[in-house]
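Peer 1: Here you go, one structure.
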Amino acid sequence: DFGRSSELAFVVEPSDDIAVQEQPLILYCQVEGIQPITITWRKNGAMILDSENAFMLANGSLYVSRFQRVRGDGSSDEGEYDCMAQNHYGLVVSRKAKIQAATMSDFHIHPQNAVVEEGGVARFQCQIHGLPEPVILWHKNSMPVNTDNERYTLLPKGVLQITGLRAEDSGIFHCVATNIANVKFSREARLTVSGSHSTVYKDPMILVGPENLTLTVHQTAVLECIATGNPRPIVSWSRLDGRPIGVEGIQVLGTGNLMISDLTVQHSGIYVCAANKPGTRVRRTAQGSLVVQAPAEFVQHPQSISRPVGTTAIFTCVAQGEPPPQITWLRNGQILETSDHIKLKNNNSTLSIYGINQADEAIYQCLAENSAGSTQASARLTVLWADGLPSPPQGVRAETVSATTIQVSWEKPLQNTKEIIGYVLHIRKAADPIEMEYQEAVSKSTFQQLVTDLEPSTSYSFYIKAYTSRGASKASEVTVVSTLGEVPAMPSLFIKVINSTTVQATWEPSIKLGQHKGFKLYYRKVHLSQYTGPVLLASNVTAYNITHLDASVVYEVKLLAYNQHGDGNSTVRFVSLRETVERTVLNPPCDCMKDEQNNKTSTTGIIIGIHIGVTCIIFCILFLMFGYRGRLLMCKNVQEQLSTPQIPRSQRSATGLVLNGATRRDRDDRDLNGKQLDMNELERLFPASPSQEQQEKGITSAHSPSAPHDQTQISTLPLDEFSIIEEQPDPLPKNPLGSSPAAPAPNHGPANEG
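Going by full-length UniProt numbering, the sequence shown wraps up at 754, each residue one higher than the last.
Structure, rendered in structure tokens:
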């Protein structure tokens, strides 16, 4: 590490200045560092030789005895001056100092006569250019204007404002401009104050609004705004972007002029002047922009560094300013040219030197410059070199192994090989910048390296360095070789059976296939050795139908992609059409329209069936209810009839309870809708005459008392032909078997059943 005293740096640099014609000028330059140090001066890039008019002082400053803007030979002392210092470490250049001659032009705006009514506003202006900026003062009747009068406002740009005019303000005004170059007087102007103060209403009006200004930090900005109206308007200021103006360094001059002292970049913006009528929202506005520039200054200076031969040196230089500064790098006072091993990045903020050698040892300068000013900073690069380091490795060769692999081999250096601890192989794509280089370390006993994971069809450069504990050797010769081209990857393949003789092969396009010319499709019966094909398909094809196949065998389908480097690996699929044929026989193709109609028909049938079923259930319930009550009536009447002697059927009364036996005439004779009881049906239902015990139970047998008891049977009848009619019971006859008479049957009332 080297201290600051070992470096070469400026303590004092020349600064911008304004020189007076025929007066002496001194430009200062002071440098520190290891002696001997040589200082020289340049003007506009050309060396300044000592002469009677300009020469260098012992402390390194430049002295100009009689500054002249234009000399007899047409030359000028105006221009950009810089100071150069050099020692055995390198050379540095100072910032550029802009030297201009003090001047003053004639007035190009003179004050004008004005007639203003009492209580109004008067404004006079005079304007003149000069270096440095002239100071303008106002005189009234040949006497300086009294600046203590608050109604009189003097603005820096040569403006005089008088508000609330009175009769005593009348007079003759002129301005006086002064700087180191000259003093000048403007023409005179007369102010006449007429009449008395008017009470007539007048809308607010801005006579003069703010103008656009471009200034530098720490200067003072004055934004003018003068308004008239009756009543007198109120003047206010705001920023167009809505940000607050603040209070620090802010002052109002006169009745509405805004002054901002000690400008910063944050003061930049558009300012709006508003003239408001008191107590109302009536207003008039005017606006002007303020641009505050800041000269370039460093946020991060470059630092001096020491690096071994063959390594990388990086300098960082970050500057700020408004507008943003441009950064330029110098090497020993000369503009640095980039190359394969010298790179600038991040808008020139970072300087990288790859594979440094002794020729790169120098002083590097960062020069930051914008329209507001410039600055510079320097740093030195020291290249460390140790005696006895190995010579460069010999016989570097690179051989292509595959599309992604190259084998690099070399021989050990010719000199100083005992201290070698290893080798470093430097690798990069030949088309890439040097900062994209990467390294692989190799043991000292290894003289070849297999470099993998490379890109196909790509050129790579290789070189070797031998390393010791004290540093690295110089780089070997660079060898360049390209990897082989890569064949496409395996495509994805899918097989779809179309019918019993056709299959469809489909595949998906993929970036993994790389650059390929097309596809090759093969197929065969699995028991055969020879393929059918290849079928050549374009690279944009993604499907192919294979037809006229035999449904009884299994097929093998193979697909591969190819390019100029050859065929890629194939994807194989097997397919059988036999199952398709069997499924076709067992399950013929469906008629979707028919099935849909069948589904609709089935649905309709189900709905109708449900309605029929519900109706049947209701009828069954009704039938059981009516049948049960009807059977009770029949059982009691039959008991009364069967307990009497049997009489011929023809003699039986036509009246009574009958079932299914009445003629239509009988039905017509009766108002009831029921039918008479059919005796044959009754005998079928009750075949035997009951015994006395059975009579007590209401059940009789037609043949003998000992006849077995049969279960009562009831015929199933349609409900619309079944009814119950009223019957008057006859007196029961004596039992022909001499048994005791049966108990009289009860008198049944009418049965209203249906």
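Backbone N, C-alpha and C define an ideal beta-carbon position, used for all residues, glycine too.
Check whether the Cβ atoms of F494 and T502 sit closer than 7 Å, and answer yes or no.
Peer 2: Counted from its first residue, the sequence shown places residue 494 at position 494. Counted from its first residue, the sequence shown places residue 502 at position 502. Cβ distance not < 7 Å, so F494 and T502 don't count as in contact.
Peer 1: For a test of the three-state rule: what should DSSP assign to T615, helix, strand or coil?
Peer 2: By 1-based counting over the sequence shown, the position of residue 615 is 615. DSSP places T615 in helix when its eight states are reduced to three.
Peer 1: Would you be able to state if there are at least three C-beta pairs under 8 Å between the region 562-573 and the region 515-530?
Peer 2: Verdict: yes, contact present.
Peer 1: Any idea what DSSP makes of V193, helix, strand or coil?
Peer 2: Position 193 of the sequence shown, counting from 1, holds the residue named residue 193. Looking at V193 - three-state DSSP - the assignment turns out to be strand.
Peer 1: Are the Cβ atoms of N87 and L8 separated by less than 7 Å?
Peer 2: Here residue 87 refers to the residue found at position 87 of the sequence shown. Here residue 8 refers to the residue found at position 8 of the sequence shown. Cβ distance < 7 Å, so N87 and L8 count as in contact.
Peer 1: Using DSSP with H/G/I as helix, E/B as strand and the rest coil, what is F626?
Peer 2: As a working note, residue 626 is residue 626 in the sequence shown. In this structure, F626 counts as helix in the three-state DSSP scheme.
Peer 1: Compute the beta-carbon to beta-carbon distance between S65 and E118, rounded to the nearest angstrom, for a pair I have assumed lies under 8 Å.
Peer 2: Taking the sequence shown and counting its residues from 1, the one referred to as residue 65 is at position 65. Taking the sequence shown and counting its residues from 1, the one referred to as residue 118 is at position 118. 60 Å between Cβ atoms; not a contact.
Peer 1: Anyone know if the C-beta pair for I342 and I327 falls short of 7 Å?
Peer 2: Position 342 of the sequence shown, counting from 1, holds the residue named residue 342. Position 327 of the sequence shown, counting from 1, holds the residue named residue 327. Contact: no.
Peer 1: Return yes when the C-beta of S196 is under 6 Å from any heavy atom of the ligand COA, and no when it is not.
Peer 2: Of ligands this structure carries none, so the ligand COA is not represented either.
Peer 1: Work out the CA separation of V383 and A472 for me, nearest whole Å.
Peer 2: Here residue 472 is taken as the residue at index 472 of the sequence shown, counted from 1. Here residue 383 is taken as the residue at index 383 of the sequence shown, counted from 1. Taking the straight line joining both Cα atoms gives about 12 Å.
Peer 1: Of the residues V20, S94, R578 and V11, which one's Cα is nearest the Cα of N44?
Peer 2: On the sequence shown, position 44 is the one that residue 44 refers to. N44 has its Cα closest to that of S94, out of V20, S94, R578 and V11.
Peer 1: Scan the region 509-538 and note each continuous alpha helix (DSSP H) run of 4 residues or more that stays entirely inside, going in chain order.
Peer 2: The qualifying runs do not exist here; there are none.
Peer 1: So, for A403: in the same chain, excluding its five sequence neighbours on each side, which residues have a beta-carbon less than 7 Å away from its beta-carbon?
Peer 2: Position 403 of the sequence shown, counting from 1, holds the residue named residue 403. So the qualifying residues of the chain are P456, T483, L484, G485 and E486.
Peer 1: Who are the Cβ neighbours of V20 in its own chain at under 6 Å, not counting the five residues just before and after it?
Peer 2: Against the sequence shown, residue 20 aligns to sequence position 20. Cβ neighbours of V20 beyond the five flanking positions: A102 and I180.
Peer 1: May I ask which residues mark the beginning and end of the beta strand (DSSP E) holding H174?
Peer 2: Position 174 of the sequence shown, counting from 1, holds the residue named residue 174. Its beta strand (DSSP E) spans residues G171 to T178.
Peer 1: For P14, does the count of other Cβ atoms within 10 angstroms reach 16, so buried, or fall short, so exposed?
Peer 2: Translated into the one-based positions of the sequence shown, residue 14 becomes position 14. That one is buried.
Peer 1: To the nearest angstrom, how far is it from the Cα of I162 to the Cα of N113?
Peer 2: Taking the first residue of the sequence shown as position 1, residue 162 is located at position 162. Taking the first residue of the sequence shown as position 1, residue 113 is located at position 113. Cα to Cα, the separation comes out at about 14 Å.
Peer 1: What would DSSP say about D360, mapped onto helix, strand or coil?
Peer 2: Locating residue 360 in the sequence shown gives position 360, where the first residue counts as 1. Helix.
Peer 1: Anyone know if the C-beta pair for P278 and I226 falls short of 7 Å?
Peer 2: Counting from one through the sequence shown, the residue named residue 278 turns up at place 278. Counting from one through the sequence shown, the residue named residue 226 turns up at place 226. No; because the gap between Cβ atoms is not below 7 Å, this pair is not in contact.
Peer 1: Can you grab the Cα-Cα spacing for the pair E133 / G158, in whole Å?
Peer 2: Along the sequence shown, one-based indexing puts residue 133 at 133. Along the sequence shown, one-based indexing puts residue 158 at 158. One C-alpha to the other measures close to 11 Å.
Peer 1: For the beta strand (DSSP E) that contains Y201, what are its first and last residues?
Peer 2: Here residue 201 refers to the residue found at position 201 of the sequence shown. No beta strand (DSSP E) contains Y201, which DSSP labels as neither H nor E.
Peer 1: Bridge partners of S289, per DSSP?
Peer 2: Within the sequence shown, residue 289 is the residue found at index 289, counting from 1. S289 is bridged to I270.
Peer 1: Cutting at 6 Å between CB atoms, please list the residues of its own chain near L25, excluding the five before and the five after it.
Peer 2: If you number the sequence shown from 1, residue 25 lands on position 25. These residues qualify, in order along the chain: A19, V64 and F67.
Peer 1: Short check: CB of residue 755 to CB of L165, under 7 Å?
Peer 2: No answer is possible for residue 755: the residues shown for the chain start at 1 and end at 754.
Peer 1: Roughly how many whole angstroms lie between the Cα atoms of N230 and T264?
Peer 2: Along the sequence shown, read from residue 1 onward, the residue named residue 230 stands at position 230. Along the sequence shown, read from residue 1 onward, the residue named residue 264 stands at position 264. If I take the Cα positions, the gap works out to 37 Å.
Peer 1: DSSP three-state call for I128: helix, strand or coil?
Peer 2: For the purposes of this step, residue 128 is taken as the residue at position 128 of the sequence shown. Note: I128 maps to coil in three-state DSSP.
Peer 1: In three-state DSSP terms, what is M436?
Peer 2: Here residue 436 is taken as the residue at index 436 of the sequence shown, counted from 1. Here M436 sits in helix by DSSP.
Peer 1: Are the beta-carbon atoms of E369 and P325 separated by less than 7 Å?
Peer 2: Looking up residue 369 in the sequence shown gives position 369. Looking up residue 325 in the sequence shown gives position 325. Contact: yes.
Peer 1: Helix or strand or just coil, what does DSSP make of I226?
Peer 2: Here residue 226 is taken as the residue at index 226 of the sequence shown, counted from 1. Correct three-state label for I226: strand.
Peer 1: Taking the C-alpha atoms as reference points, what is the distance between residue 767 and H174?
Peer 2: The structure shown has nothing for residue 767, since the chain only spans 1 to 754.
Peer 1: Starting from T382 and walking both ways along the beta strand (DSSP E), at which residues does that stretch end?
Peer 2: Here residue 382 refers to the residue found at position 382 when the sequence shown is read from its first residue. Taken as a continuous stretch (DSSP letters only), the beta strand (DSSP E) holding T382 covers G373 to L384.
Peer 1: With a threshold of 7 Å between beta carbons, is E118 in contact with chain D?
Peer 2: Within the model displayed, chain D is absent; a lone protein chain is all it includes.
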